[in-house]
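Q: Protein chains in written order, with the numbering used here: chain V, 43 to 334; chain B, 3 to 315; chain G, 62 to 295. In this text, a Cβ means the ideal position worked out from N, Cα and C, and glycines have one as well. As the structure is a computational prediction, the values presented were derived from the model and not from experiment. For reference, the structure I am asking about is given below.
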Amino acid sequence: MSFGPFLLLALMEGMVTAAVLALSAAGLSLVFGVMRVVNVAHGEFYMLGAVIAWFVTTMIPGSPAVAFVAALVIAPLLVGALAAAADGLILKRLNYDPEATIVATIGLLYMIQQAVLSLYGPNANPVAAPFEWRIQLPWFGYSGYKLFVVAAAATLLLAVWALMTRTKAGLVMRATQIDRTTARAFGINVDRVYMGTFALGAGLAALAAVLIVPIQQAHYLMGGDPLLLSFIVVIIGGLGSLRGTLLAALIIGLSDGVISMFFSPTLAKILATLLVAMVLVFRPQGLFGARA
Amino acid sequence: MTAARIWALHLALIAALFAAQYLLPPYHVTNLARIMVLAVFAMGYNLAFGYTGLLSLGHALFFAAGMYGGGLLSYHLGWTALPALIAGLAAGGMMAGAVGLLALRTTGVSFMIVTLMFAQAGYLTILYFGPTTGGDEGLNLPAAGRSLLGFSLSADGPRYLVALGLFSTALLCCLGIARSRLGRIMVAMRENEERSRMLGYNPFTVKLIALVLSGLFSGLAGAAYGVLFGYVGASFATIQYSILPMLYVLLGGAGTVIGPFLGALLMFYLIDFASGLTSAYLFFVGAALVTLVLFAPKGILGTIRERWLGWLP
Amino acid sequence: MAALIEARGLTLHFGGLRAVDGVDFDLRAGEIHALIGPNGAGKTTLVGLLSGRRRPDQGTIRFAGEDITRLPAHARVRLGIAYTFQITSIFPRLTVFDNVALAVQMQNHAPLKESVHAALERVGLSGFDRQIAGTLAYGHQRLLEVAMGLALGPRVLILDEPTQGLAAGEIEGFKALVQSLVPVASILLIEHNMDVVMDLATRITVLNFGKVLATGTPAAIRADKAVQEAYLGA
């Protein structure tokens with residue numbers, strides 16, 4: 043294959059990464075933006091989404107499409123419910139103290155990951171894609187499902203954006219984000235907003251995982267990379283800024299696809315983590331954030 | 003009066019640990035040697051987190067700097083244990099200084115993430131230079147690297163004594179720092195940074211000193227772990243080795259001198275016990291973190307100090 | 062008398078608001094200088110600039126002839142400009158002894174215990190040294206704050222509303238304390254209690270909308286028409 047089609051393939055792979063990353067990072071960003079909570083367990087919510095998808099698809103026989111749609115509904119609901127419980131039982135009792143919540147979510151990370159290890163086991167298991175369909179380009183064939191992932195993620199992100207800007211729930215969340223004391227004074231039930239936001243953030247991670255699991259397989263340690271990448275995206279995009287997060291996901295996803303085709307993925311990760319550290323030190327509002 | 007009581011308590015702990023090597027079965031003696039080295043690491047973490055209020059998620063980097071700083075010289079250049087330990091000490095301190103110069107420009111959550119990212123970059127760097135560092139597989143140190151003044155550290159007796167010697171030195175240094183003027187300034191920085199600044203203390207300088215001290219302890223512990231147990235590996239640079247000292251300190255009591263040892267001792271045996279039951283033993287690490295932060299944020303000795311023994315350093 | 066602190070043309074904006082607007086200010090050696098003005102006049106912002114807690118957009122500050130405009134706050138404290146906070150800022154979880162010791166040990170040569178006890182005695186807190194500072198009564202916490210300022214051995218002591226929250230009896234003692242500090246130290250005092258100001262101050266500066274309205278002796282300020290309109294008469 044010559045360079046042009048090779049680059050095109052890298053870009054298409056990058057688009058898939060970017061789409062899933064944007065969805066997962068949007069959840070992390072939402073939770074940080076509204077609640078000021080850095081959720082280190084975010085990657086485990088993602089992993090849970092994938093594992094639940096595997097359970098659901100193995101339990102529903104017959105058409106993989108039906109099973110997949112069921113997983114798409116059930117996984118985020120279950121993960122969201124777990125997140126809501128974690129919020130009520132742990133985070134709320136810590137009064138959302140930033141440092142204590144990080145320690146607690148680290149604990150949550152281990153608990154979820156290890157619980158999955160003992161219930162689901164150490165193996166990686168594949169989930170069937172809802173449909174098998176390949177697009178034949180002049181230079182190579184490409185999975186139609188991957189294109190579906192990009193479209194689905196874009197649709198979901200659009201829905202999140204509409205939720206935040208066009209609905210009353212979004213308004214309430216944004217009001218709480220700006221000032222939780224004032225929001226409470228205006229009769230907003232801040233506890234419920236926080237619980238809902240945490241559940242929504244976790245649900246988005248689970249959705250991202252359900253979309254990716256037919257490509258990647260479900261494994262109890264799969265939460266590490268998306269956590270790190272989501273962190274990178276959220277910080278570079280500007281903490282709590284949804285628009286910056288999307289832009290950063292696009293850049294990181296695309297460059298990840300391209301860079302790891304041409305360079306060592308370890309080197310790419312080293313540079314990315316150092317970049318994040320430097321951004322936080324020298325430009326804490328993120329590369330695309332406007333706030334001073 | 004109080005000073006005498008404090009010294010007596012710490013010397014008694016050291017004496018008890020000295021006696022333990024003759025009283026306990028070999029399995030536990032080896033464990034205790036490990037615990038003492040890990041406690042040195044946790045004491046270093048405590049200087050930053052417990053005393054100065056710097057909640058770092060990247061101390062694995064300083065531990066690994068010490069481990070590889072000593073281990074690589076021993077593996078590739080045939081250094082013996084003593085110079086390797088000194089090299090590890092220096093590597094931990096220098097790494098902490100370098101990280102501190104950048105990371106201490108941030109505070110709170112940003113500081114946590116920046117230290118986490120630096121440590122992750124360090125871990126990946128070890129993997130990237132796999133041919134030199136042994137990468138995931140690690141390196142088994144040669145016998146020459148494990149000899150200290152002619153004694154082989156692969157034997158239980160000398161190994162325990164070296165671990166005890168390092169632990170005792172670290173413990174007494176910690177005690178000295180905690181009771182010194184510097185210790186008071188570190189605590190002041192944790193309690194009220196702005197007030198400390200308006201008493202004439204430069205927060206950046208004080209925190210940098212505390213972090214470098216912390217790095218020296220961590221580096222020494224890392225080098226000692228490599229030299230005493232004969233193995234250096236990338237797994238000691240993972241995030242888990244940043245979480246463990248935090249857990250030890252939280253459990254034993256942040257800002258107490260003996261707390262890190264107590265936390266390391268209890269957590270080590272909890273994990274040891276749990277790993278006999280299930281492969282998912284890290285579940286207990288998570289559960290302990292959540293329980294501590296929810297119900298006992300001051301840890302065991304912190305609570306005891308608050309309720310009963312106000313003089314405990 | 063020579064000016065110890067000499068500020069020229071100090072200006073600081075918050076967004077569009079000029080909190081401090083072209084202020085010239087002198088603090089003379091050995092004086093008790095009161096800074097008064099309505100709420101929001103820029104008093105705390107001005108002393109924030111003098112103590113180094115804030116950086117001015119424009120203007121210069123000299124201390125004993127030396128330009129300190131760019132010097133950070135902690136370095137100014139080391140030069141001898143001490144600041145006590147408007148909202149009590151102590152180390153509430155440390156003992157009273159440790160609170161004052163932190164100030165004392167700034168001058169490395171001082172013998173710690175004696176100096177701490179001397180500072181506590183001066184503000185009338187002898188015997189409280191082993192108590193946890195946060196458990197002191199509010200008035201005592203204010204006094205502890207002053208003791209910390211004193212223990213720095215400053216050449217200039219900036220007191221931001223020191224009598225706020227003190228009982229009437231405590232205020233009398235406080236006035237005597239401040240008077241005993243000069244002329245070794247010079248005092249810059251932000252104060253709302255006019256009786257305290259008139260009794261203590263050798264000179265007064267009146268701020269309004271971030272500008273100096275008048276500077277002079279208490280008698281002169283009392284007689285000043287503009288001041289009466291803006292502040293005293295209102």
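Let me know the secondary structure DSSP gives A229 of chain G once reduced to three states.
A: helix
Q: Mind pulling the chain V residues with CB within less than 9 Å of S237 of chain B?
A: Correct list: empty, because the minimum Cβ distance to chain V is about 14 Å.
Q: Please classify N81 of chain V: does DSSP put it in a helix, a strand, or coil?
A: coil
Q: Could you tell me whether the stretch 99-115 of chain V touches the stretch 179-188 of chain V, where touching means 3 or more Cβ pairs closer than 8 Å?
A: no
Q: Answer yes or no: does any C-beta atom of chain G fall closer than 9 Å to that of T7 of chain B?
A: Correcting the residue identity first, residue 7 of chain B is Arg in this sequence and not Thr. So, not an interface residue.
Q: Could you pull out every residue in the same chain whose Cβ sits closer than 7 Å to the Cβ of V288 of chain G, ignoring the five residues on either side in sequence?
A: Sequence-distant Cβ neighbours of V288 of chain G in its own chain, meaning closer than 7 Å and more than five residues away, are V267, L274, A275 and I282.
Q: Check whether the Cβ atoms of L186 of chain G and L204 of chain G lie closer than 9 Å to each other.
A: The answer is yes: Cβ separation under 9 Å.
Q: Would you verify that the beta carbon of I128 of chain B is, or is not, closer than 9 Å to some beta carbon of chain G?
A: When Cβ-Cβ separations below 9 Å define contact, I128 of chain B makes no contact with chain G.
Q: With a threshold of 9 Å between beta carbons, is A260 of chain V in contact with chain B?
A: Not one beta carbon of chain B lies nearer than 9 Å to the beta carbon of A260 of chain V.
Q: Counting only Cβ pairs nearer than 7 Å, list the residues of chain B close to F305 of chain V.
A: Those do not exist, as F305 of chain V stays about 11 Å from chain B at its closest Cβ, beyond 7 Å.
Q: Please report the distance separating the alpha-carbon of G255 of chain B from that of H135 of chain G.
A: 31 Å
Q: Quick one: list the residues of chain G neighbouring A190 of chain B, beta-carbon separation under 7 Å, in chain order.
A: F152 and L163
Q: Between the C-alpha atoms of I257 of chain V and A171 of chain V, what's the straight-line distance to the nearest angstrom?
A: 8 Å
Q: Could you pull out every residue in the same chain whose Cβ sits closer than 6 Å to the Cβ of L246 of chain V, ignoring the five residues on either side in sequence?
A: L65, A68 and G69
Q: Quick one: list the residues of chain G neighbouring G265 of chain B, beta-carbon separation under 9 Å, in chain order.
A: Those do not exist, as G265 of chain B stays about 21 Å from chain G at its closest Cβ, beyond 9 Å.
Q: For the alpha helix (DSSP H) that T209 of chain V lies in, which residues bound it at each end?
A: Per DSSP, T209 of chain V belongs to no alpha helix (DSSP H) and is neither H nor E.
Q: At what residue ranges does the stretch 179-210 of chain G contain a whole run of the beta strand (DSSP E), taking only runs of 3 or more?
A: Segments of the beta strand (DSSP E) lying fully in the stretch 179-210 of chain G: there are none.
Q: Given that V138 of chain G touches chain B, what residues does it touch there, using C-beta distances under 7 Å?
A: M200, L201 and G202
Q: Could you give the distance in angstroms between the alpha-carbon of G232 of chain B and the alpha-carbon of F270 of chain B?
A: 20 Å
Q: The beta strand (DSSP E) spanning S247 of chain G covers which residue range?
A: Run containing S247 of chain G: S247 to I251, per the beta strand (DSSP E) assignment.
Q: Give me whichever residues DSSP pairs with V84 of chain G in a beta bridge.
A: DSSP lists G:L71 as partners of V84 of chain G.
Q: Please confirm if R183 of chain B has its CB atom under 9 Å from at least one CB of chain V.
A: no
Q: Give me the Cα-Cα distance between E175 of chain G and V184 of chain G, rounded to the nearest whole angstrom.
A: 15 Å
Q: So is A295 of chain G buried or exposed if we call it buried at 16+ other beta carbons inside 10 Å?
A: With a pLDDT of only 46 at A295 of chain G, under the threshold of 50, the placement of this residue in the model should not be trusted; the figure read from the coordinates follows. A295 of chain G should be labelled exposed.
Q: Anything in the stretch 216-246 of chain V with a Cβ closer than 9 Å to a Cβ of chain B? List those residues in chain order, please.
A: none
Q: Under 8 Å from any heavy atom of the ligand SAM, does the C-beta of G183 of chain V make it?
A: The ligand content of the structure shown is nil, which means the ligand SAM is not present either.
Q: Are the C-beta atoms of F87 of chain V and some chain B residue less than 9 Å apart?
A: no
Q: Please confirm if the stretch 59-79 of chain B is in contact with the stretch 201-209 of chain B, defined as three or more CB-CB distances below 8 Å between the two stretches.
A: no
Q: Do three or more CB pairs link the stretch 23-33 of chain B to the stretch 83-90 of chain B at distances below 8 Å?
A: no
Q: Which bits of chain V does F65 of chain B rub up against, with CB to CB less than 9 Å?
A: Correct list: empty, because the minimum Cβ distance to chain V is about 17 Å.
Q: Who are the Cβ neighbours of I306 of chain B in its own chain at under 8 Å, not counting the five residues just before and after it?
A: G255 and L314
Q: According to DSSP, simplified to helix, strand and coil, what is E127 of chain G?
A: strand
Q: When you compare the CB of F324 of chain V with every CB in chain B, is at least one pair closer than 9 Å?
A: Interface residue, yes.
Q: For G70 of chain G, which residues in the same chain have their Cβ closer than 8 Å to its Cβ, ignoring the five residues on either side in sequence?
A: G83, V84, D85, Q119, G120 and T121
Q: Listing by chain order, which chain B residues have their CB less than 9 Å from the CB of F273 of chain V?
A: Near F273 of chain V (Cβ distances below 9 Å), the residues of chain B are I115, L118 and M119.
Q: Is it the case that the Cβ atoms of M215 of chain V and V235 of chain V are separated by a distance below 9 Å?
A: yes
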